[in-house]
Ligand SMILES: [Mn+2]
């Protein structure tokens with residue numbers, strides 16, 4: 006819990022911070038925000054991540070110092086593990102032997118840390134980092150503000166997903182006062198992709214169709230499409246949400262070919278339609294409005310199974326209200 010985290014920071018000096026592989030804006034923003042907070046308190050801290058930091062987050066202060074690490078190669082008094090459901094998510098060997106502080110806003114987090122601070126009411130871990138800053142009597146520096154604002158804006162879909170609360174906006178307001186620039190951060194996230202994203206989007210949207218009810222929309226991405234587009238990781242971010250822009254569409258299925266007859270599938274829904282329950286039927290999981298799974302079979306076979314499971318999750322007189330995607 007928070008008081009244990011405060012106590013730990015006050016009594017120790019040298020910290021590592023990590024997050025999951027292929028980190029999102031909350032993972033990178035919260036890690037860097039915490040790093041700047043620790044440094045402002047006179048502590049030694051660094052962010053370590055296994056793999057690349059996506060281009061959208063590379064302009065954040067401190068992003069160029071993030072070390073790509075496969076194995077824990079330095080001694081820390083403690084390692085903060087940000088936004089991870091389990092100790093394996095960062096993909097860093099040896100982490101399980103370290104003193105770890107698990108900080109997450111997903112209720113499903115395994116309590117793998119030596120200390121666990123889970124707040125499922127927080128819109129993003131970024132909101133928790135802000136609370137930590139206040140609890141420990143730190144000043145919200147411009148660096149902290151920019152990093153934490155990135156976490157909030159990405160995890161709330163620019164403040165429109167259902168996890169957006171009055172507290173989220175209050176924190177965002179404080180961050181702007183402290184120097185975060187919404188337009189600059191927005192540009193970095195939303196208008197900063199390579200052209201390959203547009204090429205990939207063109208091909209994926211060419212596959213869009215709806216089931217006979219018109220309430221479920223399906224998208225497909227083949228391995229060949231990625232090659233043709235020259236796509237990189239992250240180019241398809243958010244594609245699964247595109248068909249939800251149609252009023253009558255209540256749920257979407259985005260199938261990505263990852264091998265011969267093997268697919269990764271993302272599900273999204275509006276309102277009370279619980280796609281996590283649908284994903285669980287196939288061994289996957291997630292949140293009510295955003296979930297994922299893996300499936301094998303032919304394109305049509307796999308799609309039919311998922312769509313039919315989704316149909317059972319729809320209300321009989323379909324009525325989704327708010328659009329939701331909570332990471
Ligand atoms: Mn998050």
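In the working numbering, the protein residues as written are 6 to 332.
Using N, Cα and C, we set each Cβ at its ideal position, and we do this for glycine too.
1) Whose C-alpha, out of 305, 177, 84, is nearest the C-alpha of residue 118?
2) In this structure, how does DSSP classify residue 291 when only helix, strand and coil are distinguished?
3) Tell me residue 42's beta-bridge partners as DSSP assigns them.
4) Strictly by DSSP, which residues pair up with residue 267?
5) Taking the straight line between their C-alpha atoms, what separation do you get for residue 198 and residue 51?
6) Tell me the rounded alpha-carbon separation between residue 216 and residue 203.
7) Throw me the rounded Cβ distance for the residue 38 and residue 181 pair, which I believe falls under 8 Å.
8) Have a look at residue 260 and residue 269 and give me their C-alpha separation to the nearest angstrom.
9) Mark residue 325 as exposed unless 16 or more other C-beta atoms lie within 10 angstroms of its C-beta, in which case mark it buried.
10) Would you mind reading off the limits of the alpha helix (DSSP H) that contains residue 181?
11) For residue 130, is the beta carbon positioned less than 7 Å from some heavy atom of ligand 1?
12) Quick one: does the C-beta of residue 292 sit closer than 7 Å to a heavy atom of ligand 1?
13) Please classify residue 225: does DSSP put it in a helix, a strand, or coil?
14) How far does the beta strand (DSSP E) with residue 83 in it reach, from first residue to last?
15) How about residue 220 and residue 319: do their beta carbons lie closer than 8 Å?
16) Within its chain, find whatever has a CB closer than 7 Å to the CB of residue 289; leave out the 5 residues flanking it on each side and keep chain order.
17) Among residues of its own chain, excluding the 5 on either side of residue 100, which ones have a beta-carbon nearer than 8 Å to its beta-carbon?
18) Use the C-beta contact count for residue 32: other C-beta atoms within 10 angstroms, 16 or more gives buried, fewer gives exposed.
19) Please classify residue 291: is it buried, with 16 or more other beta-carbons within 10 angstroms of its beta-carbon, or exposed?
20) My output table needs one value for residue 48: the three-state DSSP class, helix, strand or coil.
21) Could you have a look at residue 3 and say whether DSSP puts it in helix, strand or coil?
22) Roughly how many angstroms lie between the CA atoms of residue 253 and residue 277, to the nearest whole one?
23) Run through DSSP, which three-state label would residue 69 get?
24) Is DSSP giving residue 326 helix, strand or coil here?
Here's the rundown:
1) That would be 84, whose Cα lies nearest to the Cα of residue 118.
2) Under the three-state reduction of DSSP output, residue 291 falls in the strand class.
3) Per DSSP, none; premise fails for residue 42.
4) Bridge partners of residue 267: 264, 301.
5) Near 27 Å, if we compare the C-alpha coordinates of residue 51 and residue 198.
6) Just so you know, the alpha carbons of residue 216 and residue 203 end up roughly 26 Å apart.
7) Rounded, the Cβ-Cβ distance is 15 Å, inconsistent with contact.
8) Going from the Cα of residue 260 to the Cα of residue 269 covers about 6 Å.
9) Unreliable positioning characterises residue 325 in this predicted model, as indicated by a pLDDT of 44, which lies under 50. The coordinate reading is nonetheless provided below. Classification for residue 325: buried.
10) 171-182 is the span of the alpha helix (DSSP H), which, as asked, contains residue 181.
11) Correct: residue 130 has its Cβ closer than 7 Å to ligand 1.
12) No - ligand 1 has no heavy atom lying nearer than 7 Å to the Cβ of residue 292.
13) Assignment of residue 225 by DSSP, reduced to helix, strand and coil, places it in the strand class.
14) 83-87 is the span of the beta strand (DSSP E), which, as asked, contains residue 83.
15) Cβ atoms of residue 220 and residue 319: closer than 8 Å.
16) Apart from sequence neighbours up to five positions away, the residues of its chain that approach residue 289 with a beta-carbon distance below 7 Å are 296, 297, 298, 299, ordered along the chain.
17) Counting only residues of its own chain and dropping the five nearest sequence neighbours on each side, residue 100 has a CB closer than 8 Å to the CB of 23, 77, 84, 86, 92.
18) By the neighbour-count rule (16 or more Cβ atoms within 10 Å), residue 32 is buried.
19) Residue 291 counts as buried, since at least 16 other C-beta atoms from the protein chains shown sit within 10 angstroms of its C-beta.
20) Looking at residue 48 - three-state DSSP - the assignment turns out to be coil, as it is neither helix nor strand.
21) Any property of residue 3 remains undetermined from this structure, which presents the chain solely from 6 to 332.
22) Between residue 253 and residue 277, the alpha-carbon positions lie close to 15 Å from each other.
23) The three-state reading of DSSP puts residue 69 in helix, counting H, G and I together.
24) With a pLDDT of only 44 at residue 326, under the threshold of 50, the placement of this residue in the model should not be trusted; the figure read from the coordinates follows. DSSP places residue 326 in the coil class of the three-state scheme, outside both helix and strand.
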